[in-house]
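J.:
Numbering (my numbering), first residue to last: 3 to 41.
Next comes the structure, spelled out in structure tokens:
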């Protein structure tokens, strides 16, 4: 099974306080093993 794992880094969880997403990363897994492909 192919899966894409998504990770986000933020400055906080409240947009009304101007918290922002600052980084997004993804890793591909096939049969629960990392393929080495990152995004």
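For glycine and all other residues, C-beta sits at the position ideal for the given N, C-alpha and C. Just so we're clear, the structure is a prediction, and the values are computed from it rather than from any experiment.
According to DSSP, what are the bridge partners of residue 15?
T.: For the purposes of this step, residue 15 is taken as residue 13 along the chain shown, with counting starting at 1. None, per the DSSP bridge assignment.
J.: Contact defined as beta carbons within less than 8 Å: I believe residue 29 pairs with residue 12. What is the distance between those atoms, to the nearest angstrom?
T.: Translated into the one-based positions of the chain shown, residue 29 becomes position 27. Translated into the one-based positions of the chain shown, residue 12 becomes position 10. At roughly 18 Å, the Cβ-Cβ gap does not stay under 8 Å, so residue 29 and residue 12 are not in contact.
J.: Taking only the alpha-carbon atoms, compute the straight-line gap between residue 8 and residue 25 and give it to the nearest angstrom.
T.: Along the chain shown, read from residue 1 onward, the residue named residue 8 stands at position 6. Along the chain shown, read from residue 1 onward, the residue named residue 25 stands at position 23. Taking the straight line from one Cα to the other gives about 11 Å.
J.: With H, G and I counted as helix, E and B as strand and the rest as coil, what does DSSP make of residue 39?
T.: For this step, residue 39 is matched to residue 37 along the chain shown. Of the three classes helix, strand and coil, the one that applies to residue 39 here is strand, per DSSP.
J.: Quick check on DSSP: helix, strand or coil for residue 34?
T.: The residue you call residue 34 lines up with position 32 of the chain shown. DSSP places residue 34 in coil when its eight states are reduced to three.
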